[in-house]
Every structure is written in structure tokens, then in C-alpha cells.
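S.K.:
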Amino acid sequence: MVPLVRRGFPAALAALALVATIRAEDGGQVLSAGPCGPAVSGMACIPAGEFIRGSDRGPKDERPRETIFVSAFWMDVYEVTVAEYQECVQARACRPDHPNYKNFSAPRQPMSGVSWFGAAEYCRFRGKRLPTEAEWEKAARTTDGRRYPWGNEPATCERAVIKEGEPNGCGRGTPWEVGSRPPNPYGLYDMAGNQWEWVADWYSESYGRCGEECRGRDPKGPCAGRSPCPGREERVVRGGSWYWDGDYCTTTRRRAHHPGNHPFHHFGFRCARDAAPAAPAPDGSAPRREND
Numbered sequence: 125m126v127p128l129v130r131r132g133f134p135a136a137l138a139a140l141a142l143v144a145t146i147r148a149e150d151g152g153q154v155l156s157a158g159p160c161g162p163a164v165s166g167m168a169c170i171p172a173g174e175f176i177r178g179s180d181r182g183p184k185d186e187r188p189r190e191t192i193f194v195s196a197f198w199m200d201v202y203e204v205t206v207a208e209y210q211e212c213v214q215a216r217a218c219r220p221d222h223p224n225y226k227n228f229s230a231p232r233q234p235m236s237g238v239s240w241f242g243a244a245e246y247c248r249f250r251g252k253r254l255p256t257e258a259e260w261e262k263a264a265r266t267t268d269g270r271r272y273p274w275g276n277e278p279a280t281c282e283r284a285v286i287k288e289g290e291p292n293g294c295g296r297g298t299p300w301e302v303g304s305r306p307p308n309p310y311g312l313y314d315m316a317g318n319q320w321e322w323v324a325d326w327y328s329e330s331y332g333r334c335g336e337e338c339r340g341r342d343p344k345g346p347c348a349g350r351s352p353c354p355g356r357e358e359r360v361v362r363g364g365s366w367y368w369d370g371d372y373c374t375t376t377r378r379r380a381h382h383p384g385n386h387p388f389h390h391f392g393f394r395c396a397r398d399a400a401p402a403a404p405a406p407d408g409s410a411p412r413r414e415n416d
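Heads up: take any position in the sequence shown, counting from 1, add 124, and you land on this note's numbering.
1) Just checking Y225 against the ligand MN - is the residue's beta carbon closer than 7 Å to any of the ligand's heavy atoms?
2) Rounded to whole angstroms, what's the CA-CA distance from R333 to S179? Just pull it up for me.
3) Taking only three categories from DSSP, how would you classify F197?
4) With burial defined as no fewer than 16 other Cβ atoms inside 10 Å of the residue's Cβ, what is the status of A148: buried or exposed?
5) Secondary structure at W320, three-state DSSP: helix, strand or coil?
6) Go ahead and pull the three-state DSSP assignment for E149.
7) Taking just the CA atoms, how far does T298 sit from T207?
8) Tell me, please, which residues DSSP counts as bridged to H381.
9) Can you give me the C-alpha to C-alpha distance between G242 and C281, rounded to a whole angstrom?
10) Does the Cβ of H381 have 16 or more other Cβ atoms within 10 Å, making it buried, or fewer, making it exposed?
11) Does the region 233-248 come into contact with the region 189-206, if we say contact requires no fewer than three beta-carbon pairs (one atom in each stretch) closer than 8 Å?
12) Nearest to T267 by CA position, among C218, S165, T376, is which residue?
13) Given a threshold of 16 other Cβ atoms within 10 Å of its Cβ, counted over all protein chains shown, does G345 qualify as buried or as exposed?
14) Give me the DSSP bridge partner(s) of V285.
15) G173 lies in the beta strand (DSSP E); which residues open and close that run?
16) Checking the sheet assignment: what are the DSSP bridge partners for R253?
17) Helix, strand or coil for R333 per DSSP?
18) Going by beta carbon distance, what residues of the same chain come within less than 8 Å of F228, once the five residues before and after it are set aside?
19) By alpha-carbon positions, which one of P171, R216, C247 ends up nearest to A396?
20) Along the chain, where does the alpha helix (DSSP H) containing A207 start, and where does it finish?
21) State the start and end residues of the unbroken beta strand (DSSP E) segment that holds A168.
22) Buried or exposed: where does Y225 fall if 16 or more other Cβ atoms within 10 Å of its Cβ makes it buried?
23) Please report the distance separating the alpha-carbon of G364 from that of G158.
24) Quick one: using the 10 Å Cβ neighbour count with 16 as the cut-off for buried, is S156 buried or exposed?
25) Assuming V285 and R305 form a contact by the criterion Cβ under 8 Å, report the distance between their Cβ atoms to the nearest whole angstrom.
26) Should V194 and E259 be called a contact, given that it needs their Cβ atoms to be closer than 8 Å?
27) Helix, strand or coil, according to DSSP, for W240 in the structure here?
28) Does the beta-carbon of D371 have 16 or more other beta-carbons within 10 angstroms, so that it is buried, or is it exposed?
29) Check each candidate in E277, G311, G349 and name the one with the smallest Cα separation from C373.
30) Rounded to a whole number of angstroms, what is the C-alpha to C-alpha distance between R265 and F197?
31) When burial is assigned at 16 or more other CB atoms within 10 Å of the CB, is K287 buried or exposed?
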């Protein structure tokens with residue numbers, strides 16, 4: 125294992141990553157995790173706490189930059205792959221609602237062209253859910269307000285699968301197999317580039333216009349993500365992709381799209397899961413909160 129500090133991560137975040145998730149080298153299985161309860165295979169623990177969401181320098185829909193609290197949760201280490209999604213289709217729990225492109229169907233490539241509904245179905249099939257937009261951004265950004273999952277250095281093909289020259293996708297013209305670039309401090313791969321990722325929230329023109337539904341503790345966006353949501357027709361995708369340049373794979377970049385994926389785009393996703401409730405103390409008293 126290459127030490128996280130050697131990869132360029134600050135020592136404090138490297139330590140946080142080791143507390144948050146300890147992954148096996150063969151298969152990315154989670155072996156132990158303190159803040160989220162019992163270990164969950166293939167997922168990383170994102171500890172509870174505040175993080176800096178948004179940006180006052182980017183597009184208007186990223187504003188304002190402010191502090192948000194997110195409870196502990198689990199996040200898939202990798203984007204959902206073609207092979208994993210096909211297991212759901214074969215079990216008749218997911219719809220095969222995407223075109224079958226020859227160069228986009230390798231088993232370890234990220235799922236491509238799925239609708240928001242298909243992504244939500246798959247996550248339910250696995251006993252999980254789509255992450256909220258706030259959860260996704262915290263998982264990508266950690267707690268220091270960084271511009272990219274790896275820090276503030278520009279996006280390159282060494283750091284993410286993006287459009288850098290021709291063809292797109294760092295020379296391949298397609299997404300790469302998941303996990304082809306180094307992970308972020310939480311141990312998550314491809315949080316920038318490779319494939320845009322659906323999140324649970326309805327799209328809002330800005331966090332400011334969204335109001336209280338996008339602020340405070342564990343915000344879920346307009347209508348708390350529920351349907352129908354009057355006046356809302358688009359969900360959110362995050363993270364950029366192989367087809368877009370590095371400016372689109374920042375930790376704050378937002379993109380709106382019709383949940384039915386019409387017109388069709390090469391969108392993917394990963395799933396999240398609530399952390400287990402804190403166990404009661406041996407003496408029967410209530411568990412201590414992080415800030416007690």
C-alpha cells in the first residue's frame with residue numbers, strides 16, 4: 125500500500141481516511157470503520173461533521189459557499205459497474221433502459237447511460253440509496269473546501285479520466301475501468317471524471333434560492349427529494365466525466381438533467397447507505413455526540 129501522505133494528501137486527512145475506512149488491497153472490501161458502525165463491504169465511511177459546500181467563484185448555481193453538517197454515512201468506493209448493474213437487470217429488479225454501446229459495456233467500466241430511476245432502482249436492490257447532493261459533495265471534497273478530490277491542483281489525465289486532448293477520455297474515447305486513478309482521502313475513486321453521477325436531489329437554481337431545504341443539517345434539497353416536486357423537473361448529476369474537460373469535474377460543479385435521461389447522456393452513479401445508529405454506552409447512558 126502506498127502511504128496516503130506520499131500521494132500528496134495532508135497528514136491530517138490521511139489519518140482521517142485511515143479512521144474512516146480500512147480497505148483490503150484485493151477487492152476494496154471495507155474491513156473496519158469506527159464512526160459508521162459495522163463494516164460494509166465495498167463502501168467507505170464518511171464521518172459525521174461539517175464541511176464547506178459550494179463556491180462563490182463558480183457558476184451561480186454553486187452559490188453561496190457555506191458550512192453544512194452531514195451525518196455519518198457509507199459511500200460506494202467505486203462507481204457502479206456494468207457487471208454489477210446487469211446482476212440487477214437479470215434479477216428483474218432493474219430496467220435495461222440504456223443503449224448497448226459496444227465500447228461502453230466492459231464488465232469493470234462504470235455503468236453508462238442509466239436514468240435517475242434506474243440508478244435509484246439499483247441502489248434499492250442493494251439495500252442502499254442514492255446519496256444526497258450534500259453527501260456527495262462532502263464525500264468528494266472532504267472538510268477543507270478543496271476544489272478537486274485530490275486538492276487544488278488542476279485536473280489532468282494522471283488524476284482523473286477527463287477530456288484532455290483527443291479523443292476524449294484521456295485518449296480512449298470512452299470511460300475507463302473504475303478505480304484507474306488514485307482515490308481521495310476517504311478512499312473513494314473517480315469522484316472526479318470518468319462518469320457523471322446521479323444524486324438524489326432535485327435541481328435548484330442555487331442553494332440561496334433553494335432556501336432552508338438546502339441548508340442546515342443533512343439537507344436533501346427541494347421537496348426533500350420526494351416526488352412530485354412542484355416546479356421541479358430535473359435532478360442533479362455530479363463529478364464531470366470522460367467527455368468533459370477538467371473545469372467540469374470540480375467538487376462543486378452541478379449539472380441539471382431530466383431524470384428519465386432524455387435526451388440520452390452517458391450518466392452513471394454510485395450508492396450510499398445510512399450509518400448504523402450509535403450503540404448505547406455499557407452503563408446504559410446515551411452515546412456521546414462528536415462535539416460533546
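Ideal Cβ positions, reconstructed from N, Cα and C, are used throughout, including at glycine. Note that this is a predicted model, so its numbers are computed, not measured.
M.R.: So, from the listed chains and residues:
1) No copy of the ligand MN occurs in the structure displayed, which carries no ligand at all.
2) Mapped onto the sequence shown, residue 333 falls at position 209. Mapped onto the sequence shown, residue 179 falls at position 55. Each residue's alpha carbon lies about 15 Å from the other.
3) Walking along the sequence shown from the start, residue 197 turns up at place 73. Strand.
4) Along the sequence shown, read from residue 1 onward, the residue named residue 148 stands at position 24. With a pLDDT of 37 at A148, under the threshold of 50, the predicted position of this residue should be treated as unreliable, though the coordinate-derived value follows. Classification for A148: exposed.
5) For this step, residue 320 is matched to residue 196 along the sequence shown. Looking at W320 - three-state DSSP - the assignment turns out to be strand.
6) Mapped onto the sequence shown, residue 149 falls at position 25. Residue placement at E149 cannot be trusted, given a pLDDT of 39 that sits under 50; what the coordinates show is reported in the next sentence. Three-state result, E149: coil.
7) On the sequence shown, position 83 is the one that residue 207 refers to. On the sequence shown, position 174 is the one that residue 298 refers to. Rather than Thr, the amino acid found at residue 207 in this sequence is Ala. The alpha-carbon atoms of A207 and T298 are separated by roughly 17 Å.
8) Here residue 381 is taken as the residue at index 257 of the sequence shown, counted from 1. Note: H381 sits in a beta bridge opposite R359.
9) Here residue 242 refers to the residue found at position 118 when the sequence shown is read from its first residue. Here residue 281 refers to the residue found at position 157 when the sequence shown is read from its first residue. C-alpha separation (whole angstroms): 29 Å.
10) Counted from its first residue, the sequence shown places residue 381 at position 257. Answer is buried; the Cβ neighbour count reaches 16.
11) yes
12) By one-based count along the sequence shown, residue 267 stands at place 143. The candidate whose alpha carbon is nearest that of T267 is T376.
13) The residue you call residue 345 lines up with position 221 of the sequence shown. Buried, by the Cβ-count rule.
14) Here residue 285 refers to the residue found at position 161 of the sequence shown. According to DSSP, which records beta bridges pairwise, V285 is partnered with G317.
15) The residue given as residue 173 occupies position 49 in the sequence shown. Residues 173-177.
16) Along the sequence shown, one-based indexing puts residue 253 at 129. Answer is A396.
17) By 1-based counting over the sequence shown, the position of residue 333 is 209. Here R333 sits in helix by DSSP.
18) Locating residue 228 in the sequence shown gives position 104, where the first residue counts as 1. Closer than 8 Å at Cβ, skipping near neighbours: V206, S236, G237, T298, P299, H390.
19) Here the question's residue 396 lines up with position 272 in the sequence shown. Considering only alpha carbons, the answer is C247.
20) Indexing the sequence shown from 1 puts residue 207 at position 83. Where A207 is concerned, the enclosing alpha helix (DSSP H) stretches over 206-214.
21) Taking the first residue of the sequence shown as 1, we reach residue 168 at position 44. That run of the beta strand (DSSP E) goes 167-170.
22) Your numbering for residue 225 matches position 101 in the sequence shown. It counts as exposed.
23) On the sequence shown, residue 364 is found 240 positions in, with the first residue counted as 1. On the sequence shown, residue 158 is found 34 positions in, with the first residue counted as 1. Taking the straight line from one Cα to the other gives about 31 Å.
24) Translated into the one-based positions of the sequence shown, residue 156 becomes position 32. Residue confidence is low: S156 scores 47 on pLDDT, short of 50, so the model does not pin down where it sits. Its coordinate-derived value is still stated next. S156 is exposed by the Cβ-count criterion.
25) Numbered from 1 along the sequence shown, position 161 holds the residue referred to as residue 285. Numbered from 1 along the sequence shown, position 181 holds the residue referred to as residue 305. Going by Cβ atoms, the distance from V285 to R305 rounds to 7 Å, so yes, they are a contact pair.
26) Position 70 of the sequence shown, counting from 1, holds the residue named residue 194. Position 135 of the sequence shown, counting from 1, holds the residue named residue 259. For V194 and E259, yes; Cβs fall inside 8 Å.
27) One-based indexing of the sequence shown puts residue 240 at position 116. Looking at W240 - three-state DSSP - the assignment turns out to be helix.
28) By 1-based counting over the sequence shown, the position of residue 371 is 247. Counting Cβ neighbours within 10 Å, D371 comes out exposed, since fewer than 16 surround it.
29) For the purposes of this step, residue 373 is taken as residue 249 along the sequence shown, with counting starting at 1. The option with the nearest alpha carbon to C373 is E277.
30) The residue given as residue 265 occupies position 141 in the sequence shown. The residue given as residue 197 occupies position 73 in the sequence shown. Their Cα atoms are separated by approximately 15 Å.
31) The residue you call residue 287 lines up with position 163 of the sequence shown. K287 should be labelled buried.
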